[in-house]
Every structure is written in C-alpha cells, then in structure tokens.
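Let me begin by presenting the structure, written as structure tokens, before commenting on it.
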Amino acid sequence: MGDTARLVNAARAAGLRMATAESCTGGMVAAAITETPGASNVFDWGVVTYANAAKRDLLGVAAATLDAHGAVSEEVAAEMARGARARSGADIAVSITGIAGPGGSEHKPEGRVCFGLATAGGCTTETVEFGARGRDTVRALARDRAIALLIEGVG
15 MGDTARLVNA ARAAGLRMAT AESCTGGMVA AAITETPGAS NVFDWGVVTY
65 ANAAKRDLLG VAAATLDAHG AVSEEVAAEM ARGARARSGA DIAVSITGIA
115 GPGGSEHKPE GRVCFGLATA GGCTTETVEF GARGRDTVRA LARDRAIALL
165 IEGVG
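My numbering puts the first residue of the sequence shown at 15, with every later residue one more than the last.
Right, here's the structure in full:
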C-alpha cells in the first residue's frame, strides 16, 4: 500500500477530513491524495497560493508576517496551515512554502521548504533543507514530506 492509500485509510478510520495549502508544490499533494480511491471520503479542499496576495486573500496570511519573515518561513507556513484548516472546515491541514529552484539566496537557499500542520491540538512547523537537487526533485520530496506529516497528524 502506498503512502497516500495509507493516509486515506487512516483518515477514514479516524473520521478526519483534510485540506492542503501549497505554494512551491503547485497542488502536487492534493493531486496525490485525490489519485487515491476513497479520497472523496476524507479530502475536503486544496488551494495553491503561489503568490503572496493569494496567501493573504485565500488563507488569511497576514501581510505583516510576509513582510517580517518572507513567504518561505515557518511563520508563513503556520498561518497557511491554520488558514486552510479554518477556511475549509477540515480537521487537519498541511501547508508547504519553499524555494524549489533554481535560485535562492544566501539566507534562503534553493531547496529550503517550510511546512505547517494544523490540527485541533494546534499547529506545528518544520523546515527541511532538501538542497539544490533540482526543481522536480525538491517538489517531489516536499510532496512526500507533506503526506508523511499528514499521516503523522492523523495518527
């Protein structure tokens, strides 16, 4: 059984609904979940908020947070996850924001991806440095990490 099937089955068994908020992965997490039979029983909502304006308008990310920390930050990932959970009505939401490449800077290198996971118990965040491994690889690794976070969150 693949990870998305495991996720869908675990969410169904727990009676939980999920949502996603994605930036650098462009909907890859939602696509992976919805490719799984039975996903309609547990997946509510997915949004791609690539631009900062979309993060603000669709998820309620504060302009002050974006200004202070930048889009690729745990602070923004947390607001994205909380916004997705609140606005979708889902029980659990994951968010992704990062620099898939090419590019980056000294302070925010290529391959840095920040994740948020919002549940009824609160919101956790993490940053993973995937490295300058190429855009496709970073995006696929970020998708897989988000699915793993959802599996952990569903329990």
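From the three backbone atoms N, C-alpha and C, an ideal C-beta is built for every residue, glycine too.
Problem - Whether residue 91 touches residue 57 by CB criterion (8 Å) - result: By one-based count along the sequence shown, residue 91 stands at place 77. By one-based count along the sequence shown, residue 57 stands at place 43. No, the pair does not count as a contact, with Cβ atoms beyond the cut-off.
Practice task
Quick one: measure Cβ to Cβ for residue 26 and residue 104, integer angstroms, because I've assumed they're closer than 8 Å.
Solution key: Working through the sequence shown from its first residue, we reach residue 26 at position 12. Working through the sequence shown from its first residue, we reach residue 104 at position 90. In fact, because the Cβ distance is near 14 Å, the residues do not count as touching under 8 Å.
Problem - Residue range of the unbroken beta strand (DSSP E) whose run includes residue 142 - result: Within the sequence shown, the letter at position 128 stands for residue 142. Looking at the DSSP string, the run of the beta strand (DSSP E) that includes residue 142 is 136-143.
Practice task
Note down, one range per segment and in chain order, each beta strand (DSSP E) of at least 3 residues found wholly within the region 88-133.
Solution key: 106-112, 126-133
Problem - Sequence-distant residues of its chain with Cβ nearer than 8 Å to residue 162 (five each side left out) - result: Numbered from its first residue, the sequence shown carries residue 162 at position 148. Same-chain partners within the cutoff: 17.
Practice task
Return the residue from the list 66, 51, 41 that minimises the CA-CA distance to residue 59.
Solution key: The residue you call residue 59 lines up with position 45 of the sequence shown. Residue 41 is the option with its Cα nearest to residue 59.
Exercise for the section: Please name the residue, chosen from 21, 64, 72, 36, that lies closest to residue 50 on a Cα-to-Cα basis. Expected result: Here residue 50 corresponds to residue number 36 of the sequence shown, with the count starting at 1. If we check each option's Cα against that of residue 50, 21 comes out closest.
Handout entry: Coil, strand or helix - residue 75 by DSSP
Key = Counting from one through the sequence shown, the residue named residue 75 turns up at place 61. Reduced to three states, the DSSP call for residue 75 is coil.
Practice task
With a 10 Å radius around its C-beta and 16 neighbouring C-beta atoms as the bar for buried, classify residue 124 as buried or exposed.
Solution key: Within the sequence shown, residue 124 is the residue found at index 110, counting from 1. Buried.
Exercise for the section: Determine the DSSP secondary structure at residue 62, reduced to helix, strand or coil. Expected result: Working through the sequence shown from its first residue, we reach residue 62 at position 48. Note: residue 62 maps to strand in three-state DSSP.
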